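The opening position of the sequence shown corresponds to residue 1 in the working numbering, with each subsequent residue numbered one higher. For each residue, glycine too, the CB sits at the ideal point set by N, CA and C. Keep in mind it's a predicted model, so treat the numbers as computed, not measured. Below is one structure, written out as structure tokens; comments come after it.
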Amino acid sequence: MVRRNSKIGRIAIAAIVAISAIGFSSPYALATRLPADLKAQIGAHMPAVKLFRLDGSLQTGAGDLYLPLMPPAGFQPTKGSSPLAVFPHEGKPDLIVFPSGWSFIRVVKEGPHRTLKLPHDVSEKAKKHFLASKFPSDLLVPDGFVLPLSLKSIRSDVAVNIIDDLSIAKQATVEESVPDPKGAGVVIATSPSCGKLALIDDKSFAKIDEFPTEGTPCGITYFGGIVYVADQTKHRILQFDPTKRVFLGQIDLPTKCAPKGVAAHKQSKLLYVSESATNQIAVLELPSGRVLLRTKVPAGPGRLAVTPSGSHLLVLNSTAGVLTMLNTQNNRMVAAIPIGPTPGFMTVSKDSQLAFVASKGANTVSVIDLAKKAVVHKFATGTSPTGVALNGDETKLFVANAKDNSIWVIDLKTKAKIEEIKLPIDLDFPGEITLMPDGERLLV
């Protein structure tokens, strides 16, 4: 399951394996001589290294290349021979830091480029050390090499092309991947305000990694091993591989269409996109991304949901104040059900019979009978209800009240509020909420 703002996805973590032979284009003027004790440590902890190049770079027998970084200014070497940090593991590390402060990072291939990418599990301490380090001035820049803008600080005076991270990712191709043996799960979250996609450990809720989109990421969904993210201001759908932790590319949409919501129809291999500025639902073929057709809907389409049965697409039209139903067989609109001012969030029962829609402007949650295509009940809520979620056996409804900074628990049998959970002060204005797959934790 993947969701917007606090998005959930049970996705295996993987490492990138994307290496090819490296060539060089620049002549050197000086020679970076690695200390003898450092060479000995490299031999002990990186046995695959077979060649020490004159610029300090390392090359393995398989052709993998590691670029050197000199210690940060003022770094005090430590005693011992064991690495200060190594990610993900010794033998074939992506990044390794030795007691002298020297670091070596593996060159990876992203599409037509050779570049650098910090490991997803790198610690904050190691990351800080790396970003304060510098390339040797005589570094031989590999052919086709570009440095991500986020790593610009390590360039020193080396002549190397700098390119924004997403431009590298746009041209990336799918490479071989190795599943994480622990099979860990992650929360995938988008943040329109900071423009980033974040990966969060679903046990500790510690941030694993984050990826700038240089846009306004909104709706998000997961299908066929790929995360699809609607970028509202750049009018595109980003494609992100959560196992390799890399953007695969993008699906360009018409300018000024402002895509907000996305939902995947797994049986039909279709992606639905709400184009909020043009009041249309685009239907895209997966995995090609080809637009098959567009359906006109009431004003302000945003959040989308495919019913578990797959028979209908539900669209929240915040400007019009309605819930639109589309038949997924022909993508025609079959109903526009009045909800109230600014409906923004919804959840659907497992049997596809009921939809629960929060109306922030009316302070209500409407219960819609999808067979009757009508509202059959309305719950009064706290101030400005946003996220809604059902518990595991669907006997209780959780409602986030944004301005009250609280979560209500409603008994669906008695139709009464049975509990109010006050949220911490630092967790202000809750938005979407989701019950974690274990059924024991609610993500706010």
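- If you keep only unbroken beta strand (DSSP E) runs of at least 3 residues inside the segment 245-282, you get 246-252, 259-265, 270-275.
- Under DSSP, S359 shares a beta bridge with P343, T364.
- Taking a contact to require three or more Cβ pairs closer than 8 Å, the segment 239-256 and the segment 306-322 do not qualify as touching.
- For I42, the three-state secondary structure derived from DSSP is helix.
- A direct Cα-Cα distance of roughly 11 Å separates V49 from A40.
- In the DSSP annotation of this structure, F135 is not part of any alpha helix (DSSP H), being labelled neither H nor E.
- When C-alpha distances from R33 are compared across Q59, L118, D138, the shortest belongs to D138.
- In this structure the segment 190-200 does not touch the segment 146-157; the number of beta carbon pairs closer than 8 Å is below three.
- Within the segment 33-100, complete alpha helix (DSSP H) segments of at least 4 residues are found at 36-45, given in chain order.
- If you draw a straight line from the Cα of E275 to the Cα of P93, it is about 43 Å long.
- In the structure shown, the three-state DSSP call for S150 is helix.
- Under the three-state reduction of DSSP output, E394 falls in the coil class, being neither helix nor strand.
- DSSP links R303 through a beta bridge to no other residue.
- Looking at the backbone, the Cα of F130 and that of G144 are separated by about 22 Å.
- With contacts defined by Cβ atoms closer than 8 Å, T295 and M333 form a contacting pair.
- Only residues of its own chain outside the window of five on either side were considered, and among them H45, P93, L95, I96, V97 have a CB closer than 8 Å to the CB of V86, listed in chain order.
- When the beta-carbon positions are compared, K417 and H377 stay at least 8 Å from each other.
- Residue burial annotation: E124 is exposed, with fewer than 16 other C-beta atoms found within 10 angstroms of its C-beta.
- Residues of the same chain with a CB within less than 8 Å of the CB of S81, apart from the 5 flanking positions on each side, are D37, A40, Q41, A44, P99 in chain order.
- When secondary structure is reduced to three states using DSSP, E210 falls in the strand class.
- Contact between T324 and L370 fails: their C-beta atoms lie close to 12 Å from each other, not under 8 Å.
- In the DSSP assignment, A416 falls within the unbroken beta strand (DSSP E) covering 416-422.
- From the listed residues N161, D202, N401, L67, the smallest Cα separation to S133 is found for L67.
- In the three-state reduction of the DSSP assignment, A371 falls in the coil class.
- In this structure, DSSP gives H120 a state outside helix and strand, which the three-state scheme calls coil.
- Apart from the 5 residues on each side of it in sequence, S366 sits with its Cβ closer than 6 Å to the Cβ of I339, V357, V375, K378 in its chain, given in chain order.
- Sequence-distant partners of V158 (beyond 5 residues in either direction) whose C-beta falls short of 6 Å from its own C-beta, in its chain, are F135, L139.
- Annotation: the continuous beta strand (DSSP E) that includes K196 extends over 196-201.
- L293 and I281 have their C-alpha atoms spaced approximately 8 Å apart.
- The secondary-structure analysis by DSSP pairs K109 across a beta bridge with R114.
- Comparing alpha carbon positions, the residue from G101, H89, V146 closest to P119 is H89.
- Counting other Cβ atoms within 10 Å of its Cβ, L54 stays below 16 and is therefore classed as exposed.
- Look at K378 here: in three-state DSSP terms it is strand.
- In this structure, the alpha-carbon of N405 lies about 24 Å from that of K203.
- According to DSSP, residue pairing for A335 in a beta bridge involves M325.
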